[in-house]
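**Q**
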Amino acid sequence: MSKLDQIIANNARVTQSRRKPGFLSQRARVLLLTLTSLLLVFVFFTQPQVRAAIHTLIG
């Protein structure tokens, strides 16, 4: 096996074994979605019109 063949074979193995990481892991995506949802709910329920509508429904 020539030196060039060894380099090509080694590079092919390295690229197969090296896993390209994604931008976010599954856990990070769930956390980001949860925090975004909580922020939207907080902003929605702190609006005066929404609070007044909920107040009339409850009491």
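Here this note's numbering is used: the first residue of the sequence shown is 2, the next is one more, and so on. In this text, a Cβ means the ideal position worked out from N, Cα and C, and glycines have one as well.
Can L33 and L25 be called in contact, C-beta distance under 8 Å?
**A** yes
**Q** Under 8 Å, do V51 and F43 count as touching if we go by C-beta distance?
**A** Their beta carbons are not under 8 Å apart, which means V51 does not touch F43 by this criterion.
**Q** Is T47 helix, strand or coil when you go by DSSP?
**A** T47 falls in the coil class under three-state DSSP.
**Q** Compute the Euclidean distance between the alpha carbons of A54 and G23, then round it to the nearest angstrom.
**A** Looking at the two C-alpha atoms, the distance is approximately 43 Å.
**Q** In this structure, does DSSP put L25 in helix, strand or coil?
**A** coil
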